[in-house]
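Chains as they are written, first to last, in my numbering: chain X, 1 to 129; chain A, 1 to 219; chain D, 1 to 459.
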Amino acid sequence: MRKSFITGIALVLVLAAGWTAFSGQDSQYLERLDNWAFESPRRPGAVFSHDDHIMDLDDDCSICHHVYEDGKLVPGESSEDYYCSDCHGLKPAPDNSMPLEAAYHKLCRDCHFDEGQGPVLCGECHIKE
Amino acid sequence: MNSFIAFIMGPMVWISAIIFLGGLLFKFIGIIQSVRSKEPYVFSYLTVKHSLRSIGAWLIPFFPKSTRLSPVYYGISYVFHIFLFVIPLFLASHIVLFNEAFQISWPALNDGVADWLSLAVIAALVFFAIRRQMVPEVKYLTSGSDYLLIFLVALPFITGYLAYHQWFAYRWMVVAHVLSGELMLIMIPFSRFSHMLTAPLTRAYMGSEFGNVRHARDW
Amino acid sequence: MQSQDNTMTDPSNETKQAEKAKQKATDPAIEAGLERLTPERIKKTINQVLEKETGPRFKAYVETCMRCGLCAEACSYFLSNDRDPRFMPAAKVKNTIWEMLVKKGEVSRDFLREAVRISHLECNVCKRCAMYCPFGIDIAYMMLLVRRICHKLEITPQYIQDTVNSHSVTLNQMWVKDDEWIDTLQWQEEDAREEFEDLQIPLDKMGADIMYSVIAPEPKFQAGLIYQTAAMMHAAGIDWTMPSTPGWDNSNMAMYTGDNEISGRIAKAFFETAAKLRVKRIVMGECGHAFRSVYDMGNRWNSWVMPPFEVVHALAFYHELLTEGRITIAEKYKKKVTLHDPCNVSRGRGLHDKAREVVNMVCEDFVDMVPNREHNFCCGAGGGVINCGPPYKGERMVNNRNKAEQLAATGAEVLIAPCHNCHSGLEDIIQHYDLKMEIKFLGDLMYETMEKKIYKPGA
Ligand code: HEM
Ligand code: SF4
Ligand code: SF4
Ligand code: SF4
């Protein structure tokens with residue numbers, strides 16, 4: 001009984017390892033985001049390819065560098081001259097409904113889910129250093 | 001693939017949480033109703049005072065004599081049960097997900113600590129499995145289902161541990177982690193894991209029989 | 001808790017002999033019963049009991065047991081048999097009722113022969129294991145369920161079945177005839193009058209404070225115990241009575257064979273006897289299982305949550321007599337004594353502390369056994385095991401090694417056993433293991449040491 005379990009897990013692990021090894025989706029433009037805005041980050045900064053995103057999003061910067069006023073998205077306005085942390089404070093507060101960490105997570109992950117591609121799991125962005 | 005992950009990390013979490021909590025609730029109601037109709041005498045003897053007395057006595061580590069006669073097993077099991085709840089509930093990654101879904105957050109364990117604790121849980125489960133082989137009276141009672149239960153608990157911890165370290169097949173490891181965690185939750189009401197619910201009930205009854213009728217201690 | 005430093009060696013290699021005896025010990029009642037069984041009847045009976053006579057409690061026990069093995073340390077059988085796993089509490093369940101559940105009642109005769117043996121001879125239903133299982137799973141309850149099934153299949157061991165038959169016919173355990181009972185009481189009264197003039201054993205005295213009741217072996221062959229009690233009652237000036245009619249016996253072997261109907265009848269007759277006499281409370285002699293019957297089990301079968309009368313075990317009664325000063329001790333008993341806690345009044349009623357107080361009031365030199373109080377080891381005779389009779393004595397002695405070791409470790413000269421079953425069982429142990437010990441009831445010592453006052457009303 002136990003033996004077959006162990007062989008079972010081993011088999012799954014080997015297959016899975018093989019699958020990731022050959023399904024390289026790595027971009028050649030990967031860089032690690034600088035997470036200086038976080039006081040004591042738990043994880044290393046996310047890896048990210050700005051160039052790939054510009055291409056994929058047809059140069060529409062405002063999709064990510066958005067502007068919100070009174071909780072509403074202002075269409076067409078973009079904010080690439082600001083740091084994310086200029087608007088998104090670290091701690092949740094009445095005038096900060098979207099703290100910095102959640103802002104990042106939601107922006108990236110929700111889009112990746114919607115688009116059906118891109119990393120969505122913790123360690124897919126916060127790759128160990 | 002992303003939509004599959006979205007499913008197991010979204011609706012499937014709900015489904016398993018509902019089966020887990022609803023299943024236990026359903027089971028609890030079933031027990032109470034069946035006590036009412038078939039063994040109403042249970043209520044004649046059950047007292048809150050003696051139930052709590054017995055449960056309390058058995059929650060104090062190494063207070064009951066039985067636990068002092070098997071200190072190693074009992075100690076490990078005690079710690080295992082605590083970590084079993086503490087790790088998933090206070091893991092930063094879990095809290096982050098929870099926070100993003102419900103805007104509720106609470107203090108998290110340090111990742112490094114949680115990592116060691118998970119290893120401790122896995123070690124405890126390995127110990128349980130080996131003990132089942134080594135101690136004759138336990139071996140005599142043991143059947144495949146006991147290993148299966150140990151394996152079911154171990155799986156989310158092993159995959160979680162490996163995923164955290166991103167050693168290999170990260171994506172698959174997380175998928176396996178999420179699915180095995182959900183499987184464990186779902187299995188709780190339908191397996192002997194339901195001792196989570198019945199343990200306080202059987203203890204309360206025995207505690208009441210001893211305290212209320214027998215005027216004796218049951219620890 | 002095996003006391004390694006003090007392991008008993010079985011005299012003359014009797015373990016092996018008993019092992020052989022065990023294989024041979026055939027019980028005509030069991031064998032004849034098994035012969036009569038058909039697979040249909042077995043299946044029907046088992047399922048009837050499991051489905052109709054159990055409920056959520058049994059279900060919870062089966063579903064909750066994690067096979068952790070912690071209950072093993074509780075059981076004398078396990079400890080006495082060199083930790084043979086077959087004797088651990090959960091294993092007894094595994095080998096009986098779990099199997100019946102899994103096979104849905106389709107079990108063989110050989111399986112049932114084993115089930116009778118396990119439930120009747122290898123468990124004292126002492127409930128010690130319920131204190132060692134972290135879930136409080138009641139193995140004794142499940143062993144009694146197995147006995148219930150055996151009863152319904154009519155494969156109960158011969159000797160204990162005979163006591164049940166006696167209960168059924170005479171309402172006492174030993175075929176004591178009605179006139180024999182009254183004769184015995186009068187004979188004890190007469191004898192006692194030589195020591196205490198005017199002593200009476202009042203029969204059927206309406207409205208007395210106390211009805212005193214005993215088990216049938218007392219009139220049958222231990223009538224001196226009634227004498228001693230009468231002396232105490234007299235010296236203490238108690239308003240008491242004994243019933244002359246059936247219902248005087250508080251013992252209840254049917255409770256241990258799973259013959260719940262007869263068990264209930266016995267307890268009912270007992271309480272009705274007390275009710276007829278309109279007594280205030282019931283005091284009973286030094287017996288454990290009888291106490292369990294009228295304090296814990298018989299009342300339940302008759303739908304009384306608690307007994308309809310206050311039931312006072314001799315231990316508590318002695319305590320009362322001494323602390324109220326109704327009886328004074330002339331000179332304390334000198335020899336070194338130890339006390340066996342009968343499960344049914346210690347784990348069963350928490351009288352262990354009172355018992356120690358009494359012993360200390362009566363004796364000079366008391367040494368405790370380890371473990372003690374609720375954690376005591378059963379004498380190994382209780383729960384109907386000794387009542388399965390001489391054919392099984394050899395294996396009973398093997399199964400009681402643990403108790404022998406515990407007794408020997410005390411170094412006491414006198415063993416006090418305030419329970420009839422324990423008394424007989426421990427006597428066998430003392431003989432078999434050649435322990436240099438005398439065995440006594442607490443009443444023996446009370447009687448021996450008390451001031452033999454002659455009670456004068458109003459004085
Ligand atoms: C919160 C209530 C719970 C209580 C009071 C409880 C209590 C116990 C007790 C008393 C035992 C047996 C003896 C011992 O190991 O000390 C046990 C064993 C066990 N429990 Fe729990 N438990 C709880 C929840 C859980 C949950 C939620 C799981 C897993 C999903 C679990 C998994 C296990 C396992 C695998 C064993 C067997 C260990 C072995 O193989 O020896 N328990 N539990
Ligand atoms: S009730 Fe007593 S004799 Fe029976 S299994 Fe439990 S500890 Fe052993
Ligand atoms: S101690 Fe309780 S749970 Fe553990 S094996 Fe024994 S009966 Fe089962
Ligand atoms: S005979 Fe005595 S020790 Fe043994 S079960 Fe009865 S009360 Fe317990």
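Note that the Cβ used here is the ideal one computed from N, Cα and C, for glycine as well.
Any non-hydrogen atom of ligand 2 within 6 Å of residue i CB
{"i": "Ala140 of chain D", "result": "yes"}
{"i": "Arg396 of chain D", "result": "no"}
{"i": "Arg203 of chain A", "result": "no"}
{"i": "Arg128 of chain D", "result": "yes"}
Closer than 7 Å at the beta carbon, the chain A residues around residue i
{"i": "Phe113 of chain X", "result": "Asn2, Ala6"}
{"i": "Glu63 of chain D", "result": "Arg192, Ser194, Thr198"}
{"i": "Glu374 of chain D", "result": "Ala216, Arg217"}
{"i": "Ile127 of chain X", "result": "Gln166"}
{"i": "Asp138 of chain D", "result": "Met206"}
Short CB-CB distance (under 7 Å) between residue i and chain A
{"i": "Glu51 of chain D", "result": "no"}
{"i": "Cys122 of chain X", "result": "yes"}
{"i": "Gly383 of chain D", "result": "no"}
{"i": "Ser23 of chain X", "result": "Caution applies to Ser23 of chain X, whose pLDDT of 46 falls short of 50 and renders its modelled position unreliable; the value that the coordinates give is listed next. Closer than 7 Å: no."}
{"i": "Lys91 of chain X", "result": "no"}
{"i": "Arg57 of chain D", "result": "yes"}
{"i": "Met131 of chain D", "result": "yes"}
{"i": "Met88 of chain D", "result": "yes"}
Where residue i meets chain D, residues with beta-carbon distance less than 7 Å
{"i": "His215 of chain A", "result": "Arg349, Gly350"}
{"i": "Trp58 of chain A", "result": "Pro134"}
{"i": "Ser34 of chain A", "result": "Gly55, Pro56"}
Contacts that residue i makes with chain X (C-beta to C-beta distance below 8 Å)
{"i": "Arg68 of chain A", "result": "Neighbours of Arg68 of chain A on chain X: none; closest Cβ ~30 Å, over 8 Å."}
Cβ-based burial, residue i [other Cβ within 10 Å; buried from 16]
{"i": "Gln4 of chain D", "result": "Only weak support is given to the placement of Gln4 of chain D: the predicted model assigns it a pLDDT of 41, under 50, and the value that follows is read from those uncertain coordinates. So Gln4 of chain D ends up on the exposed side."}
{"i": "Trp301 of chain D", "result": "buried"}
{"i": "Trp116 of chain A", "result": "exposed"}
{"i": "Phe190 of chain A", "result": "exposed"}
{"i": "Leu107 of chain A", "result": "Note on identity: in this sequence residue 107 of chain A is Pro, with Leu being the wrong assignment. Looking at its Cβ environment, which holds fewer than 16 other Cβ atoms inside 10 Å, Pro107 of chain A is exposed."}
{"i": "Val370 of chain D", "result": "exposed"}
{"i": "Lys127 of chain D", "result": "buried"}
{"i": "Phe22 of chain X", "result": "Any reading at Phe22 of chain X must be qualified, since the residue scores a pLDDT of 44, below 50, and its modelled position is unreliable; the value itself is stated next. Result: exposed."}
{"i": "Phe221 of chain D", "result": "exposed"}
{"i": "Asn6 of chain D", "result": "Per-residue confidence for Asn6 of chain D stands at a pLDDT of 44, beneath the threshold of 50, marking its modelled position as unreliable; no derived number is given."}
{"i": "Glu137 of chain A", "result": "buried"}
{"i": "Met253 of chain D", "result": "buried"}
{"i": "His165 of chain A", "result": "exposed"}
{"i": "Ala235 of chain D", "result": "buried"}
Within-7 Å CB hit, residue i to chain D
{"i": "Pro61 of chain A", "result": "no"}
{"i": "Pro189 of chain A", "result": "no"}
{"i": "Lys38 of chain A", "result": "yes"}
Interface residues of chain X facing residue i [CB-CB closer than 7 Å]
{"i": "Asp111 of chain A", "result": "Arg42"}
Any non-hydrogen atom of ligand 1 within 6 Å of residue i CB
{"i": "Val93 of chain D", "result": "no"}
{"i": "His177 of chain A", "result": "no"}
{"i": "Ser118 of chain A", "result": "no"}
{"i": "His81 of chain A", "result": "yes"}
For residue i, three-class secondary structure by DSSP
{"i": "Asn96 of chain X", "result": "strand"}
{"i": "Ile54 of chain X", "result": "helix"}
{"i": "His313 of chain D", "result": "strand"}
{"i": "Ala21 of chain X", "result": "Note that Ala21 of chain X scores a pLDDT of 44, beneath 50, so its modelled location is shaky and nothing firm can be said."}
{"i": "Thr156 of chain D", "result": "coil"}
{"i": "Asp115 of chain A", "result": "helix"}
{"i": "Lys52 of chain D", "result": "helix"}
{"i": "Val74 of chain X", "result": "coil"}
{"i": "Lys139 of chain A", "result": "helix"}
Residue i: CB within 6 Å of a non-hydrogen atom of ligand 3
{"i": "Met131 of chain D", "result": "no"}
{"i": "Cys71 of chain D", "result": "yes"}
{"i": "Met361 of chain D", "result": "no"}
{"i": "Ile137 of chain D", "result": "yes"}
Contact list for residue i against chain A, beta-carbon separation under 8 Å
{"i": "His105 of chain X", "result": "Val96, Glu100"}
Neighbour list for residue i in chain A, Cβ cutoff strictly below 9 Å
{"i": "Ala102 of chain X", "result": "Val96, Asn99, Glu100, Gln103"}
Contacts that residue i makes with chain D (C-beta to C-beta distance below 8 Å)
{"i": "Thr142 of chain A", "result": "Arg67"}
{"i": "Met134 of chain A", "result": "Going along chain D, no residue has its Cβ under 8 Å from Met134 of chain A, so there is no contact; the nearest lies around 11 Å."}
Within-7 Å CB hit, residue i to chain X
{"i": "Pro11 of chain A", "result": "no"}
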